[in-house]
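The structure appears below as structure tokens.
In the working numbering, the protein residues as written are 19 to 277.
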């Protein structure tokens, strides 16, 4: 092989390598999920196991105003723990599940994020993203919720005088953490029609957030609106969301640096 042929082969190899590297890859996942750490109805490992088994690539356990890094015990006979515990024991076994008694009543411990994370993560197949649903409200109790994804520290809700103020203060909190740590993070508005809280007029004035949920599976979030309120899809036309497409849940393309 001549030098010219070698150079040609090298250029072809580099071109193919760069093309393969630059090609976008879509990862299917859910950025808004709850467990027994807040108002969910199952143990976090059970939820993660379901998503991984059903072909998802990433998952955020975004429980309300908590970071899953504390020692929390729950009464095993209270709902919904009493229904979830037998399935949890069957799937992960008595060696993994931590049980004890308090005042004569059976209790079970919630595993922390860093404890169950290694059970599931696999390179180029599945990751868990540390997240939080920053759950806030206005002085008149209008609910305003945001999802902070890939956080490194708990975000304390910052409140505000009105809906836009609450949204902006909490978006700024995530952006400040992102600047401070240098870690890629994503913040998005959760279920804007929950409590008819967030209007398109608020979204277009919000700075630093390009995303919000078009669809949420909770029965009270009113995705489709009603005769007096626009749907989340129409709210989307205010220019704040960049959804992917997928059945049931929105799909998101995350930056490779988060994966």
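Note that the Cβ used here is the ideal one computed from N, Cα and C, for glycine as well. Because the structure is a prediction, the values reported are computed rather than measured.
With DSSP collapsed to three states, give me the class of residue i.
i, result
"residue 155", "strand"
"residue 93", "strand"
"residue 169", "coil"
"residue 187", "helix"
"residue 162", "strand"
"residue 103", "helix"
"residue 148", "strand"
"residue 230", "strand"
Quick one: Cα of residue i to Cα of residue j, how far?
i, j, result
"residue 228", "residue 152", "17 Å"
"residue 167", "residue 192", "9 Å"
"residue 60", "residue 220", "34 Å"
"residue 201", "residue 68", "28 Å"
"residue 79", "residue 171", "15 Å"
"residue 92", "residue 134", "17 Å"
"residue 48", "residue 212", "19 Å"
Is the beta carbon of residue i less than 8 Å from the beta carbon of residue j?
i, j, result
"residue 206", "residue 164", "yes"
"residue 102", "residue 64", "yes"
"residue 143", "residue 75", "yes"
"residue 150", "residue 85", "yes"
"residue 116", "residue 127", "yes"
"residue 129", "residue 186", "no"
"residue 231", "residue 215", "no"
"residue 162", "residue 195", "no"
Could you spell out the range, first to last residue, of the beta strand (DSSP E) harbouring residue i?
i, result
"residue 126", "123-128"
"residue 120", "117-120"
State the start and end residues of the unbroken alpha helix (DSSP H) segment that holds residue i.
i, result
"residue 131", "131-138"
Secondary structure, beta strand (DSSP E): runs of 3+ residues fully inside the stretch 60-84: 76-79
Continuous alpha helix (DSSP H) assignments of at least 4 residues falling wholly in the stretch 175-226: 181-199 and 218-223
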